[in-house]
Structures are given as structure tokens and as C-alpha cells.
Amino acid sequence: MTGHSIHLRLVLAASLVLAAFLGLGGLALDKAYRESGEAALRERLLGYVYALLAAAEEDGQGRLTLPVALPDPRFSNPDSGLYAEVGGADGRVVWRSPSLLGRTYGQRRQVAAGVRDYLRYEDSGGSFNVLNFGVVWEDRSGAGLAYTLSVSEDARPLEREIAAFRTSLLIWLGGASLLLLIAQGVVLRWGLRPLREVADDIQQVERGARDYLAGRYPRELSVLTRRINSLIHSARASRDRYRHSMDDLAHSLKTPLAVLRGAVERESGEALRGLIREQVPRMDDIVQYQLKRAAAAGVGALSGPVPVGAVVRRLCASLEKVYREKGVVCERAVDEGLLFQGDEGDLFELLGNLIDNAFKYGRSRVRIRAGALEGGIRITIEDDGPGIAPDERVAVLRRGVRFDQRTAGQGIGLSVADDIARLYQGRIAIGASDLGGVAVAVDLS
1 MTGHSIHLRL
11 VLAASLVLAA
21 FLGLGGLALD
31 KAYRESGEAA
41 LRERLLGYVY
51 ALLAAAEEDG
61 QGRLTLPVAL
71 PDPRFSNPDS
81 GLYAEVGGAD
91 GRVVWRSPSL
101 LGRTYGQRRQ
111 VAAGVRDYLR
121 YEDSGGSFNV
131 LNFGVVWEDR
141 SGAGLAYTLS
151 VSEDARPLER
161 EIAAFRTSLL
171 IWLGGASLLL
181 LIAQGVVLRW
191 GLRPLREVAD
201 DIQQVERGAR
211 DYLAGRYPRE
221 LSVLTRRINS
231 LIHSARASRD
241 RYRHSMDDLA
251 HSLKTPLAVL
261 RGAVERESGE
271 ALRGLIREQV
281 PRMDDIVQYQ
291 LKRAAAAGVG
301 ALSGPVPVGA
311 VVRRLCASLE
321 KVYREKGVVC
331 ERAVDEGLLF
341 QGDEGDLFEL
351 LGNLIDNAFK
361 YGRSRVRIRA
371 GALEGGIRIT
381 IEDDGPGIAP
391 DERVAVLRRG
401 VRFDQRTAGQ
411 GIGLSVADDI
421 ARLYQGRIAI
431 GASDLGGVAV
441 AVDLS
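Pasting the structure below:
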């Protein structure tokens, strides 16, 4: 089943993140701009209050009054959007700015001296930002008179500024979003190009146009492509082994079958039975060898690391029970944490054949050593048996060759072990051990 496109997923995810980020950023900027505008407005209203107080005078009765020439011309122009009113402690109006001509002023409310009271006021005339400021005015006699100075400004100019800022912000954020979406599409397409190249190369391998993935891939994909190549190699090697083993099996069985066919036509009685007893074990030997050879898995992409020490320990424990009557002592010296990169069954088959031979031909001692080599591992199996003559050491690796005809067996163990070692680009070397018998060294990649 085909899943969703990685490119589509990344584009959707990036778009959602971008929309959320820009949306939150836009809200934060809008809020900051509004708060900044309102703070500036409050400072401006307070400045108007201070300017009016600086221009205030005392009339003939000792009360606060303001001159005709006011600090800001808008206080003198009717319906200018800037208004002021002074009220006494009893709530009565003491002074009104000329800009309030023909208007009612309901924004003022009494506050204590030094208190700043900011509020938003709305009526039929519109919305206003208001500051009520309490003061105490000392007359000539030193008595203090309480007043509330109220200044209000039309809120529409600030709202228009905020609306204009929002429009500009939306335009810029929208343009930035579009550019970022285009940029991320280009970047994602460029970033995912190696994946498309791998997919194209795999299709070429499927079509038979190439044998392996041989492109120059990024470091993040190199592990994947190596595993795929290893899997391809393993599958082809397994297929070739089965084909070759079956071909060899068919070829190897021709001779014993021809012998039996001729014997059936020519011989009878005891002579025929003797030929059958001779040829059937031979055919069984051939079949076992070819099947074991074909069943070897070889190194594959899915092969996990196999602890060598655990395999050696299990094999020795089993063989010590099998050869209990001989009293063979198995000495193990396997490096801690030594791992075999391959199929566990192959390692059991390989070491099982070699250790079994050591128990079989050894007199009382078997020694197994294993350690790491550059690019692989080495396992050495020694015994204190009769040993193998130097001129026979190569021959015993061939199928059916046994150097001791008195011991039961068909002579295929070492040849199977040698085939498995070759599957892992390794080799088996037979030499002499200081125990007096054979030393079999296995190198595996």
C-alpha cells in the first residue's frame, strides 16, 4: 500500500508551523503596537494636563482659571477632537475649553489630588480617551482648593493608525508567508532529491539496468544504501548457491545412479545388494553435502550480531555430554563482547563441525580461542589428537575426504565448514597445535 508523499507531509507540516508562527507573531506585533499607541496617548494626555496647569491663573476671588490663549490651539477650536474641563470639589464646572462649544462633557469624574484616572468614554459623538487628574490649588490666603482637571481626545485617529498598521502588517506577513512557502518548497525539493535518486536507482536495479546502488549519496542515506546493496548481494548469492548446488547435486548423482542402473540390469542377488550398500551411502553423502551448502545463509543486510562466546559455550556443553566417556576437557578463551556479523545458524554449523572433529579426534584436551582481527574475527580450535600430516591438510577440506577411516563419518564436515567460511569472505587454515594435534584457524570477515 502506498502511503502519503514525504514531500507533501513536510510541506503541510512546515506550512502549519509557518502559519502558526506568523499568526502568533502578527498578534504579538498588533498587541504591542496598540499598547505602545495607548501608552503614548496617556503620556500625551498627561502632557496636556501639565501644560494647562502651567498656564493656569488665579482669578480675583482666588479660584483657578485659564487664559484665553491656551497651550494647544485645538483647545480653542470647536469640535477639534481635544477637550478640557475643570471641576470643583462640589462637582460644579469651573472652566470649559472653547473646543467644547455646543457639546456636553460627561467624561469628568472627581478624583483625589495627584490621582490619574484614565478611561475610555463613548457617546453619540464618538469614542474618547480621557484623563481625570486631581489637583489642589492654593489661594492667596494659603487655603487649598480641590479641582479635577479632565482632558479628553478623540480616539478615532489612534484607531485609524492601528487599522492602517494592521493592514500593512497583513500585507507584509502575507507576502513573507508566500515567499517562505515558495522557498521551503524549493528547499524541500532540493533536500529530498537524494531520496528520489535512491528510488530511481532501485528501479534500475529492478529492471536489471544496474547490479547495485552505486550513486554518491549523502551520509544520512549511505547506511541505507549499503544495507540495500548487502541485501541484494545476499539474495543473489543465495540464489546462485541454490542453483549451483542443485546443478552439482544432479551432476554428482549421475554416476552412482548409472552404477545402480547398470547393476540392476547385470547383477542379481548378493552382488546387487553389495553395490546398493556401497552406492546409497555415497548418494546420501552427496545429498547432505549439497543441501547443507545450499542452506548456508551467508552475510545479509538483516543479519544481526551473534555473540561468539555464547555459541562456543553452548557447543562445548553439548559435546562434553556426547563425549562424556572420553573425558575431554574443553578450554575456552573468547574475547568478551566478540560478535560475528552473520547468520547464527551458519556459525553453529561452522563451529559445530570443527569442534566436533576436535572432540572426536582429540585424546583429552580441546582448546578454543577467539578474538578480533582487523575487519573480522579469528577462531582457533585445537586438540591433542594424532594431528594431520602437512601434505594432507589441503585435501581434508574436500568433500568426502577423511584422514582417519576408523572413525565414523562421511567426510563432509570440514568441506561444509570451508564453504561457509568462504561465504563470509573468510578461509580455514589447518596447522599443528602445541597440544600435539590439529590447530584449525578460521578467519571470518
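Residue numbering for the sequence shown follows full-length UniProt numbering, beginning at 1 and increasing consecutively. Quick reminder that beta carbons are idealized off the backbone N, C-alpha and C, glycines included.
Using only the alpha-carbon positions, how far apart do ARG324 and GLU374 sit? On the sequence shown, residue 324 is found 324 positions in, with the first residue counted as 1. On the sequence shown, residue 374 is found 374 positions in, with the first residue counted as 1. Roughly 37 Å between the two C-alpha positions.
Could you give the DSSP three-state label for GLU336: helix, strand or coil? Reading the sequence shown from its first residue, position 336 is the one you call residue 336. If DSSP states are grouped into helix, strand and coil, GLU336 belongs with coil.
Out of ASP346, LEU24, GLY342 and ARG365, which has the shortest C-alpha to C-alpha gap to CYS316? Translated into the one-based positions of the sequence shown, residue 316 becomes position 316. The residue with the shortest Cα to Cα distance from CYS316 is ARG365.
Where does ILE368 fall in DSSP's three states? Locating residue 368 in the sequence shown gives position 368, counting from the first residue. Strand, per DSSP.
Cβ distance (whole Å) where LEU350 is taken to contact VAL442 below 8 Å: Translated into the one-based positions of the sequence shown, residue 350 becomes position 350. Translated into the one-based positions of the sequence shown, residue 442 becomes position 442. Contact holds; Cβ gap of about 7 Å.
Assigned secondary structure, ASN77 (DSSP; H/G/I helix, E/B strand, else coil): Position 77 of the sequence shown, counting from 1, holds the residue named residue 77. It is coil, neither helix nor strand.
In whole angstroms, what separates the C-alpha of LEU169 from that of GLU35? Against the sequence shown, residue 169 aligns to sequence position 169. Against the sequence shown, residue 35 aligns to sequence position 35. Looking at the two C-alpha atoms, the distance is approximately 16 Å.
Taking the beta carbon of THR407 as the centre, do at least 16 other beta carbons fall within 10 Å, making it buried, or is it exposed? For the purposes of this step, residue 407 is taken as residue 407 along the sequence shown, with counting starting at 1. In this prediction, THR407 has a pLDDT of 43, which is less than 50 and means its spatial position is unreliable; nothing more can be read from the coordinates.
Suppose only complete runs of 3+ residues qualify. What are the beta strand (DSSP E) ranges in the segment 102-162, listed by chain order? 116-123, 126-138 and 144-154
Segment contact, 8 Å Cβ cut-off, at least three pairs: the segment 158-169 with the segment 78-88: no
Start and end of the alpha helix (DSSP H) containing VAL320? Position 320 of the sequence shown, counting from 1, holds the residue named residue 320. The question names Val, but residue 320 is Glu in the sequence shown. Run containing GLU320: 308-322, per the alpha helix (DSSP H) assignment.
Starting from GLY375, follow the beta strand (DSSP E) in both directions and report where the run begins and ends. For the purposes of this step, residue 375 is identified with residue 375 of the sequence shown, where counting begins at 1. Run containing GLY375: none; DSSP gives neither H nor E here.
Hey, ARG367 and GLU382: beta-carbon distance below 8 Å or not? Reading the sequence shown from its first residue, position 367 is the one you call residue 367. Reading the sequence shown from its first residue, position 382 is the one you call residue 382. Yes; because the gap between Cβ atoms is below 8 Å, this pair is in contact.
Please state whether DSSP places GLY409 in a helix, a strand or coil. Here the question's residue 409 lines up with position 409 in the sequence shown. Here the model assigns GLY409 a pLDDT of 40, short of 50, so the residue's position is not dependable, and the following value carries that caveat. In this structure, GLY409 counts as coil in the three-state DSSP scheme.
Mapping the DSSP letters down to three states, classify ASP443 as helix, strand or coil. Numbered from 1 along the sequence shown, position 443 holds the residue referred to as residue 443. In this structure, ASP443 counts as strand in the three-state DSSP scheme.
Tell me, to the nearest whole angstrom, how far the beta carbon of GLU57 is from that of PRO67; I am working on the premise that it is less than 8 Å. Indexing the sequence shown from 1 puts residue 57 at position 57. Indexing the sequence shown from 1 puts residue 67 at position 67. Right, the Cβ-Cβ distance comes to about 6 Å (below 8 Å), so this counts as a contact.
Using DSSP with H/G/I as helix, E/B as strand and the rest coil, what is ARG92? In the sequence shown, residue 92 corresponds to position 92, counting from 1. Coil.
CA-CA distance, LEU354 and GLY362? Walking along the sequence shown from the start, residue 354 turns up at place 354. Walking along the sequence shown from the start, residue 362 turns up at place 362. The straight-line gap from Cα to Cα measures roughly 12 Å.
For LEU302, count neighbouring Cβ atoms within 10 angstroms of its own Cβ and tell me buried if that reaches 16, exposed if not. By 1-based counting over the sequence shown, the position of residue 302 is 302. Residue confidence for LEU302 is low, a pLDDT of 49 falling below 50, so the modelled location carries little weight and cannot support an answer.
Distance, ALA358 Cα to THR380 Cα: Within the sequence shown, numbered from 1, the residue matching residue 380 stands at position 380. Within the sequence shown, numbered from 1, the residue matching residue 358 stands at position 358. So the alpha carbons of these two residues sit roughly 11 Å apart.
If I measure Cβ to Cβ from LEU145 and keep anything under 8 Å in the same chain, skipping five residues before and after, which residues do I get? One-based indexing of the sequence shown puts residue 145 at position 145. So the qualifying residues of the chain are GLY62, ARG63, LEU64, GLY88, ALA89, VAL136, TRP137, GLU138 and ASP139.
How many Å lie between ILE228 and LEU12 at the Cα? For the purposes of this step, residue 228 is identified with residue 228 of the sequence shown, where counting begins at 1. For the purposes of this step, residue 12 is identified with residue 12 of the sequence shown, where counting begins at 1. Approximately 30 Å between the Cα atoms of the pair.
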